[in-house]
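The structure appears below as structure tokens.
Number of protein chains: 2
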Amino acid sequence: MTIGTGTVFHLRSPLASYHLGVKQDVHQLAAQRLRRISQRYTAGRRRIVEVLAAAGHPLTIPEIVGSDSDLATSSVYRNLVTLEHAGVATRIVTSQEHARFELSEPFNRHHHHLVCVDCGKVDDFILPKGVEESLDSALRRAAQKEGFAPTDHRLDLTGTCPDCQAAG
Amino acid sequence: MTIGTGTVFHLRSPLASYHLGVKQDVHQLAAQRLRRISQRYTAGRRRIVEVLAAAGHPLTIPEIVGSDSDLATSSVYRNLVTLEHAGVATRIVTSQEHARFELSEPFNRHHHHLVCVDCGKVDDFILPKGVEESLDSALRRAAQKEGFAPTDHRLDLTGTCPDCQAAG
DNA sequence: TCTGAAAATGAGTATGCTTATCAAAAGATG
DNA sequence: CATCTTTTGATAAGCATACTCATTTTCAGA
Chain X
72 MTIGTGTVFH LRSPLASYHL GVKQDVHQLA AQRLRRISQR YTAGRRRIVE VLAAAGHPLT
132 IPEIVGSDSD LATSSVYRNL VTLEHAGVAT RIVTSQEHAR FELSEPFNRH HHHLVCVDCG
192 KVDDFILPKG VEESLDSALR RAAQKEGFAP TDHRLDLTGT CPDCQAAG
Chain F
72 MTIGTGTVFH LRSPLASYHL GVKQDVHQLA AQRLRRISQR YTAGRRRIVE VLAAAGHPLT
132 IPEIVGSDSD LATSSVYRNL VTLEHAGVAT RIVTSQEHAR FELSEPFNRH HHHLVCVDCG
192 KVDDFILPKG VEESLDSALR RAAQKEGFAP TDHRLDLTGT CPDCQAAG
């Protein structure tokens with residue numbers, strides 16, 4: 072996967088947000104996307120991006136706020152709306168109490184989610200290329216049939232994570 | 072698609088919840104599922120099932136309450152939790168203000184959702200059998216790999232519905 | 001068909017996530 | 001450097017949803 076000047080994004084387990092050595096490119100791309108909608112890449116927004124990138128899986132807002140004592144809750148809520156609008160962050164809605172956020176697709180490899188119905192934790196997984204491709208084209212056909220203009224798709228697998236299975 | 076005594080469920084456009092002539096079977100199955108968790112199929116719960124079945128697409132709670140003047144908001148919230156737990160109704164969370172509900176799979180053919188990011192409306196669509204099958208097995212493999220015990224999957228296509236495209 | 005215990009209802013209230021407000025701080029513009 | 005705009009942060013407000021509890025309904029056993 073290549074972004075910008077040719078930086079390669081690597082995978083952790085199962086997915087990493089970005090290669091540790093290329094932080095700068097993440098911030099450059101984030102700044103660029105914000106500029107596109109006339110928004111600044113402020114210190115607070117940069118810190119949110121760092122936290123999301125370091126996590127490697129979707130975080131709730133309390134988790135984001137708790138991981139950096141300089142972040143004010145109200146600003147995090149507001150900035151995540153801005154980052155979402157800029158295409159830097161993506162909101163993940165589950166039936167849990169808190170929404171979760173992760174970096175958007177150019178920052179993050181295309182993936183899907185394992186949502187634990189017990190603890191609310193969300194992990195990432197990817198589909199084999201062939202399955203993803205046939206799914207994509209089927210979705211395009213379905214949308215076209217209904218006159219629907221698609222922008223994205225989300226695929227979640229709900230169930231119980233290993234920890235909660237062990238817990239009972 | 073066959074349920075219980077062999078009743079055939081038909082499709083409207085694009086999906087219907089049940090064939091109008093076989094309402095009784097829907098209620099019998101709902102009652103049976105509630106009984107399984109020691110819950111009664113009361114008049115209020117029956118009305119909710121009727122409203123959901125008649126709609127043919129996922130409804131918000133205000134929509135459900137508004138369509139039947141005998142339904143109290145607090146009871147609808149509480150009963151939808153019960154119906155969800157019994158496996159009669161399914162909750163659909165979008166980024167919109169209200170959650171939406173539809174009848175669960177034995178009542179409804181397996182399908183996915185077109186979620187309009189502008190107006191929040193949710194419509195149904197189905198995938199070709201082959202795509203659905205390869206997706207299913209890919210999901211099973213992915214879950215197994217992570218030690219995740221899957222119960223269900225959800226696939227949403229987000230974008231703009233025809234009405235909102237026309238509106239601008 | 002009674003009768004009483006258990007469950008469900010409904011109106012109001014409480015909870016808690018999220019968003020709006022607004023004065024102060026930071027940054028851009030010329 | 002001066003001014004105008006954007007962003008911030010603490011607080012308050014909004015709002016979907018869950019809880020409370022007295023009343024009503026349901027169902028099992030007599």
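Here the protein sequences come in this chain order: X and F. Following the working numbering, the numbering of the first sequence begins with 72 at its first residue and continues without gaps. Following the working numbering, the numbering of the second sequence begins with 72 at its first residue and continues without gaps. Where a beta carbon is used, it is the ideal one built from N, C-alpha and C, also for glycine.
Helix, strand or coil at I108/X [DSSP, three-state]: coil
Cross-chain neighbours of D223/X in chain F, by beta carbon under 7 Å: T229
7 Å Cβ shell around F196/F - same chain, five flanking residues per side excluded: P85, H182, H183 and L185
A242/X, DSSP secondary structure in three states: As shown, chain X starts at 72 and ends at 239. That puts residue 242/X outside it, with no answer to give.
Residues near L210/F by beta carbon distance below 7 Å, same chain, minus five either side: P221 and H224
Cβ neighbour criterion (16 or more within 10 Å) applied to C187/F: buried
Buried versus exposed, by CB contacts within 10 Å (16 or more), H156/X: exposed
Rounded separation between L100/X and N179/X - CA only: 12 Å
Own chain partners of Y148/X with C-beta closer than 8 Å, once the 5 adjacent residues on each side are dropped: I132
R106/F vs G158/F beta-carbon contact at 7 Å: no
Buried/exposed call for P129/X, threshold 16 Cβ in 10 Å: buried
Which listed residue (N150/F, G191/F and V152/F) has its alpha carbon closest to that of E168/F: G191/F
Neighbourhood of V193/F by C-beta distance below 8 Å, restricted to the same chain and skipping five residues each side: H128, P129, I163, T165, R171, H184, L185, V186 and C187
Contact under 7 Å by Cβ, L228/F with A102/X: no
Alpha-carbon spacing of G201/F relative to S208/X, whole angstroms: 13 Å
For H98/X, three-class secondary structure by DSSP: helix
Nearest to T144/X (by Cα), restricted to the options R118/X, T161/X and A124/X: R118/X
7 Å Cβ cutoff, P199/X in contact with chain F: yes
Rounded separation between I139/F and L206/F - CA only: In the sequence on display, residue 139/F carries Asp and not Ile. Going by the C-alpha atoms only, they are around 39 Å apart.
Within the region 181–227 of chain F, ranges of the beta strand (DSSP E) (whole runs, at least 3 residues): 183–187 and 193–196
Separation of E121/F from R111/F, as counted between CA atoms: 16 Å
Opening and closing residue of the alpha helix (DSSP H) in which A160/X lies: That residue, A160/X, is in no alpha helix (DSSP H); its beta strand (DSSP E) goes A160 to I163.
Other residues of its chain near D234/X: CB distance less than 6 Å, five sequence neighbours each side excluded: none
N- and C-terminal bounds of the beta strand (DSSP E) containing E173/F: R171 to L174
Rounded separation between A160/X and G230/X - CA only: 25 Å
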